[in-house]
Amino acid sequence: RIFAYPNIAAYEIIAQQNPEYNSLAGQIEHLGEIPKADISKNINYKLAALVAHMEVSKRLIFSEFRIEEFRDSLYKIWETKNPSQFKDSKTYGLIVADFIAEWMNKDNYSQTRTMSKYQVDTDDEGRWRPTPPAYMDGLEPHWNKIRPFVLDSSAQFKPIPPPKFSMNKNSEFYKELREVYEIRNRITEIGDKSEEVEIAKFWDCNPYVTSTRGHFMSAIKKITPGAHWIGITKIACKTADADFDKTVFAYTKTSIAIADAFISCWDEKYRSNLIRPETLINNYFDEKWEPILQTPPFPEYTSGHSVASGAAA
């Protein structure tokens, strides 16, 4: 969501003047056409796209000052080079930003901020419950209520259910749980330089890893899975020597795919509410067992990394 709306704002401006790219209005069913540029004005569409991107971005993050500092440093450079063009381009970019923001504010995000928290049910042994070390509440249990971009609903591509919970040693569920336990133990014996650990660390995109020391608890901030794929998109664009317009196009397609992927994924997560392996392994096999990467605070199935990566790729 944070990446999709700013990229769409920039893309829609670019699509106005580049016939190679079609507007997303109508393709995204609930997106209308952005206000047209005044052809009598001295508008640099690339500059206007950047202005719109930064303005929409600022409305989506908590640390607004970081965007403002970066934006203002660019504004000083652009205004010095061509004051008239900068003024007209900025004005148009802000008009489009307001249009996209108005559309964005109808996606049900604000309403989900006031919805109920995830309810833990300890009587249901297969139902997700908070995991160590922070035992945080379930993250975004109502994300499936966010308006998708191109999906017709969060449940359009409903996956098959996970294996039925059972600690019977002959059950599929038990065998998969045991496999997780044994693979982690084998990898740990090999050491941190193993290929498996290196791959895991590469995809370690838990944005809120908790570190504890005695009674002191702190958070280590990392990139999200979505941000990781935006970074990969950046590398791909540089490798392909993509121009500005093609880069905006690539960022927009990727961010829309990621945004809808997480809406779809979270729909299943809080439908199946599947317990994490760490919880069961601690209860049944080894109370001191820990996964290689810290368990994130939401149900197990389906895998957020897998769903987002499949969509982004």
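Here my numbering = 1-based position in the sequence shown + 68.
Ideal Cβ placement from N, Cα and C applies to all residues, glycine included.
Contact with chain B by residue i, beta-carbon distance below 8 Å
i    : result
T292 : Although the question refers to chain B, the structure presented lacks it and comprises just one protein chain.
Range of the contiguous alpha helix (DSSP H) that encloses residue i
i    : result
F312 : 312-340
Q84  : 72-85
S377 : 372-380
M149 : Reading off the sequence, residue 149 comes out as Lys, not Met. From DSSP, the alpha helix (DSSP H) with K149 extends over 132-149.
Q362 : Taken as a continuous stretch (DSSP letters only), Q362 belongs to no alpha helix (DSSP H), as it is neither H nor E.
T180 : 177-180
Per DSSP, cross-strand counterpart(s) of residue i
i    : result
R195 : L342
A93  : I96
Helix, strand or coil at residue i according to DSSP, with G and I counted as helix
i    : result
H121 : helix
G161 : helix
E355 : coil
K155 : helix
T190 : coil
F233 : coil
L115 : helix
I102 : coil
A169 : helix
I129 : coil
L219 : coil
A304 : helix
I44  : Here the chain comprises residues numbered 69 to 381, so residue 44 is not present and cannot be evaluated.
L207 : coil
I349 : helix
K174 : coil
K226 : coil
K185 : coil
**OP:** Would you check if the region 360-370 and the region 335-350 touch, i.e. whether three or more CB-CB distances between them fall below 8 Å?
**Re:** Output reads yes: the region 360-370 touches the region 335-350.
Original post:
Which runs of the beta strand (DSSP E) fall wholly inside the region 235-301 and span at least 3 residues, in chain order?
Top reply: As summarised for the region 235-301, the continuous beta strand (DSSP E) elements at least 3 residues long and confined to that stretch are 277-281, 284-288, given in chain order.
Subject >> the region 90-109 / the region 136-151 touching (three or more Cβ pairs under 8 Å) >> reply: As far as the Cβ criterion goes, the region 90-109 does not touch the region 136-151, which means the pair count is below three.
Original post:
How about the region 155-163 and the region 85-97: do they share at least three Cβ pairs that are nearer than 8 Å?
Top reply: Result no; under three Cβ-Cβ pairs closer than 8 Å.
Original post:
Three or more beta-carbon pairs under 8 Å between the region 72-79 and the region 321-328, yes or no?
Top reply: Cβ pair count under 8 Å is three or more, so yes.
Original post:
How do the region 310-321 and the region 185-202 stand: do at least 3 beta-carbon pairs fall below 8 Å, yes or no?
Top reply: Contact between the region 310-321 and the region 185-202 is absent: fewer than 3 CB-CB pairs across the two stretches fall below 8 Å.
Original post:
Contact between the region 347-362 and the region 247-266: three or more CB pairs below 8 Å?
Top reply: Verdict: yes, contact present.
**OP:** Flag this pair as touching only if the region 109-117 and the region 227-237 have three or more C-beta atom pairs under 8 Å; answer yes or no.
**Re:** A contact between stretches requires three or more CB pairs, one per stretch, nearer than 8 Å, and the region 109-117 fails this requirement with the region 227-237.
Subject >> Sufficient close CB pairs (3 or more, under 8 Å) joining the region 169-185 to the region 209-221 >> reply: In the pairwise beta carbon analysis, the region 169-185 is classified as touching the region 209-221: at least three pairs are separated by under 8 Å.
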